[in-house]
Amino acid sequence: MCFDIVVGPTALIIDNVTPDNNVPGIEGQDMTLKCTAVGGQPAPDVNLVILGLNYTGKQSAHHTFNPQRHNDGSTVTCQAGYKEIKHYPLNTTTYIHLKLKPVITPFSPDTVSTEETKSFAISCQCIGSRPAAYIYWLLGQERINITTNSTSQSNHESSTDKYTVTSNLKYRVERSYNGQKLICRASNVAGSMETSLTIDVKYAPGVTVENETFSLTQLFRQIQSTIDGNPSVNTCTWHHISKYGEHIRDFGDNNQILTLPTVSDDQRYQDTGEYVCTAENGIIGINGQVKQTGSGYVISNARPVITADNKDHTRQYGKFGTDTKLYVNVYSIPKYSSIRWYRGKTYLVPNKYVTTEEPIMVTDVFHGVEVQLDGYRVTLTILGLQEIDFNIYTLRLYYDSQYVQHEVILEHASAPETPSNFTVIGLGENSITVQWIPGYDRGQSQTFYIEYRIIGRSVWMFHEIVSSNKLDFPKVYTLFGLQEKTSYELRMYAENIFNRSQRTDIQIQTTLMTEYDKQDSQQTGPTILDDSLTDNGYQDDDDVFANS
1 MCFDIVVGPT ALIIDNVTPD NNVPGIEGQD MTLKCTAVGG QPAPDVNLVI
51 LGLNYTGKQS AHHTFNPQRH NDGSTVTCQA GYKEIKHYPL NTTTYIHLKL
101 KPVITPFSPD TVSTEETKSF AISCQCIGSR PAAYIYWLLG QERINITTNS
151 TSQSNHESST DKYTVTSNLK YRVERSYNGQ KLICRASNVA GSMETSLTID
201 VKYAPGVTVE NETFSLTQLF RQIQSTIDGN PSVNTCTWHH ISKYGEHIRD
251 FGDNNQILTL PTVSDDQRYQ DTGEYVCTAE NGIIGINGQV KQTGSGYVIS
301 NARPVITADN KDHTRQYGKF GTDTKLYVNV YSIPKYSSIR WYRGKTYLVP
351 NKYVTTEEPI MVTDVFHGVE VQLDGYRVTL TILGLQEIDF NIYTLRLYYD
401 SQYVQHEVIL EHASAPETPS NFTVIGLGEN SITVQWIPGY DRGQSQTFYI
451 EYRIIGRSVW MFHEIVSSNK LDFPKVYTLF GLQEKTSYEL RMYAENIFNR
501 SQRTDIQIQT TLMTEYDKQD SQQTGPTILD DSLTDNGYQD DDDVFANS
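Here it is in structure tokens:
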């Protein structure tokens, strides 16, 4: 008779067991559990029990599986013995301990409303992670990382060894992110999870106005604006200003498309300028204003225009035998193609007659408002004026096959007319008040001079008066610093850059003296009747000086 000797195993070893009797794994990632029996003759049977299922082998047993969150903390049992005799003398137990990915709390509601100029605050939370998750904030389609604008707090639950992490974001978004996603993403070694919401960015209108160029013959003219705002707005207030900022007109039409009023073709050039659209939707813009503007420049092509600043220069002046220049200011878009000057019907050619042009700022009237414009000065230089040159000159400015023309009269440079109705209208103890009517100034600024002297003396004193040049409008002036109860001779003349006028007839008057007359002069004495005179209408004694 033969007997088999059975020697049982001495120990069981489960791989990777930690000192606290756990087998580590990662949620959702394959892990292998292996149990090995030490010793035993014959080789013992090993039974590995995982999640209620048995896995057996000789000397060792193992199993690979994909653990899920709910498997965390499950018991793993390993037995070693002999199946035939149903004897398992060794038994050991351990526990599955997983690294768990975060579970993120969805946003509710899933939209955040904010304004372009303001920061918004929002929180995101994840629970049940092991180890603690890190929360990222990602913005827009390009998933721009804006996490640096957030702060996070982590709370460890010691009973479960799990973490709750809360992140608070404060951020300001531009209008370009309206309707895009803000993503909260929580991540650790076990994995990641994210949630998102839609950003509703309120912003003030962005206004753009298209530049336009209208032809001379274009009757129906519209200016298009684009208004982009949230909330949306489709109306604006229109203004017309010059290139240099003068306000020309407002429009009652508040549509996004401005239809310009119909005007005659000779006035359409006045539609040139900057058109400003002002819109608002109640949201403050990044410029700190509720009302937002946009502008476009409109050019209304036209025939050349003789500008309004030529009206006082239809008569120009020259001296016989000298060179002189005739000037005409012009506004022209597009620019005229050629220039011709005529004297009467005679076309003027160089050498005696020289035409030049230069860009300057001119003045014209647009829809009743005086404006500054970029224009041209066309100059005719006449060399060595002769009697025949004092004539009517016609400037022709050609465009296409047509032209516009303007006449300038060249006259002899001469003195202004003698002031008329020179009379004394008031007397004081030390003053005499006179009145006169200015004569024609010959197209040049004129200055008036009053001459006076004590009767019996040979030296005339004079006083200069700078005044406006309104013709046929009486002027009044008071001479001060005179001697009391003294008889004076008075006369006057006018002077321009060319010469002086004839003197008026002499007026003779005597200043007052008595105490009674002094009081009377303070109450009813002479006064300035025309405040258009300059400050030197009143002078101290020191202002009286001799005209030698």
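Numbering (full-length UniProt numbering), first residue to last: 1 to 548.
Glycine included, every Cβ here is placed at the ideal spot set by N, Cα and C.
None of these values were measured; they are calculated from a predicted model.
- Residue pairing from DSSP places P359 in a beta bridge opposite Y376.
- Taking a 10 Å sphere around the C-beta of Q41, we find fewer than 16 other C-beta atoms and assign the residue as exposed.
- The distance from the Cβ of T151 to that of N168 is about 5 Å, consistent with a contact at the 8 Å cut-off.
- Where R442 is concerned, there is no enclosing beta strand (DSSP E), because DSSP gives it neither an H nor an E.
- The Cβ atoms of V408 and Y398 do not sit closer than 8 Å to each other.
- The DSSP-derived three-state label of T217 is coil.
- Scanning its chain for C-beta atoms nearer than 8 Å, with the 5 sequence neighbours on each side dropped, one finds around L219 the residues T262, in chain order.
- Of the residues assessed, L260 falls on the buried side of the cut-off, its CB having 16 or more other CB atoms within 10 angstroms.
- Residue environment analysis places I432 among the buried positions, since at least 16 neighbouring C-beta atoms fall within 10 angstroms of its C-beta.
- Secondary structure of K325 (DSSP, three-state): strand.
- Contact between the region 124-134 and the region 214-228 is absent, with fewer than three C-beta pairs closer than 8 Å.
- Where G481 is concerned, there is no enclosing beta strand (DSSP E), because DSSP gives it neither an H nor an E.
- The continuous stretches of beta strand (DSSP E) do not include A132, and DSSP gives it neither H nor E.
- For the set R503, T356, D250 and G81, the Cα lying nearest the Cα of T418 is the one of R503.
- Boundaries for F251: no beta strand (DSSP E) harbours it, and the DSSP string shows neither H nor E there.
- E280 and W436 have their C-alpha atoms spaced approximately 59 Å apart.
- Residue burial annotation: R303 is buried, with at least 16 other C-beta atoms found within 10 angstroms of its C-beta.
- Secondary structure of N155 (DSSP, three-state): strand.
- For G294, the enclosing beta strand (DSSP E) has its first and last residue at Q292 to S300.
- Excluding its 5 nearest sequence neighbours in each direction, V17 has C-beta neighbours in its own chain below 7 Å: V23 and T94, listed in chain order.
- Residue pairing for S431: DSSP places it in no beta bridge.
- DSSP places E387 within a helical segment (H, G or I) once states are collapsed to three.
- Distance from the Cα of K319 is smallest, within the candidate group V290, K335, I388 and G294, for I388.
- Close CB contacts of E358 within its chain, under the 6 Å cut and outside five residues either way in sequence, are with R377 (chain order).
- Note on G229: 16 or more other CB atoms within 10 angstroms of its CB, so buried under the neighbour-count rule.
- In this structure Y136 touches N145 by the C-beta definition: roughly 6 Å separates them, less than 8 Å.
- For P44, the number of other beta carbons within 10 angstroms of its own is at least 16, and it is reported as buried.
- The Cβ atoms of V76 and L12 lie no closer than 8 Å to each other.
- Here the alpha carbon of Q292 sits roughly 23 Å from the alpha carbon of D271.
- In this structure, A494 places its C-beta atom within 8 Å of the C-beta atom of Q446.
- Between the region 63-82 and the region 96-115 there are three or more C-beta pairs closer than 8 Å, enough to call the two in contact.
- Annotation for D505: F422 and R491 place their beta carbon closer than 8 Å to its own, counting only its chain and skipping 5 residues before and after.
- H247 and E370 have their C-alpha atoms some 9 Å from each other.
- When the beta-carbon positions are compared, G296 and E212 come within less than 8 Å of each other.
- Here I306 has H406 as same chain residues with Cβ atoms under 6 Å from its own Cβ, once five neighbours each way along the sequence are excluded.
- If you check the CB distance, Y353 and W341 come in under 8 Å.
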